[in-house]
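Q:
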Amino acid sequence: MIYRFTCIVCPLGCTVEVKVEDGRVVGVTGHTCPRGEEWAVQEVTNPKRVVMSVVPVEGGALPTVSVKTAEPVPKEKIPELMRFLAKLKLRAPVEVGEVVAEWNGIKIVATRGA
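Every number in the numbering used here is 288 more than the matching position in the sequence shown, counting from 1.
(1) If we ignore side chains and look at the alpha-carbon of each, how far apart do histidine 319 and glycine 311 end up?
(2) So, lysine 403 versus lysine 336, is the Cβ gap smaller than 8 Å?
(3) Going by C-alpha to C-alpha distance, which of Pro351, Val316, Thr399 sits closest to valine 384?
(4) Mind pulling the beta strand (DSSP E) runs of 3 or more residues that sit fully within the region 345-369?
(5) Expressed to the nearest angstrom, what Euclidean distance is found between the alpha-carbon atoms of valine 355 and alanine 349?
(6) Looking only at C-alpha atoms, which of Gly301, Trp327, Lys377 sits nearest to glutamate 346?
(7) Excluding five sequence neighbours on each side, which residues of the same chain lie with their C-beta closer than 8 Å to the C-beta of threonine 303?
(8) Taking Cβ to Cβ, would you say glutamate 325 is nearer than 8 Å to valine 314?
(9) Report the three-state DSSP secondary structure of glycine 324 (helix, strand or coil).
(10) Are valine 308 and valine 332 close, meaning C-beta to C-beta below 8 Å?
(11) Can you say whether leucine 300 is buried or exposed, counting buried as having 16 or more other CB atoms within 10 angstroms of its CB?
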C-alpha cells in the first residue's frame, strides 16, 4: 500500500509517498529533507498531534483560557484527552505557560492568561 501526504514539516510542502508492505515501511520518496522522511514514516506508523482546546476559568477576566499539550499525543488517544479536558475547570489566576493539568503523563499548558 502507498500512502501520500503533503509534508507539514517545512514550508516546501513536499508530496511524500510511503510504501508499506506486510505492515513495514519499505520506502519513502518525494521528501527533500530527512525531517520530512521521518515525519511521513511516523504519520504512517504512529501518528501524533499536539492538541489545543479551551477550558473554563472561574474568577478570571475571561470565561475560558486556551490550553495545549506540551507534547504530541497519539492520534487514537485524542478523544479520551478531549473528554478529560471537557471536565476540567480552572480557577484564576492562570498564567501563560503554566501547567494547569496532567493527563497520562502529558502536561496541559495554558497558552493565554486569565
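Even glycine gets a Cβ: it sits at the ideal position worked out from N, Cα and C.
A: Walking through what the data contain:
(1) Roughly 21 Å between the two C-alpha positions.
(2) Absent from the structure is residue 403, since the part of the chain shown begins at 289 and ends at 402.
(3) Thr399
(4) 352-357
(5) 16 Å
(6) Nearest C-alpha to glutamate 346: Lys377.
(7) Arg292, Phe293, Thr294, Cys295, Gly318
(8) no
(9) helix
(10) yes
(11) Exposed, since its Cβ has fewer than 16 Cβ neighbours within 10 Å.
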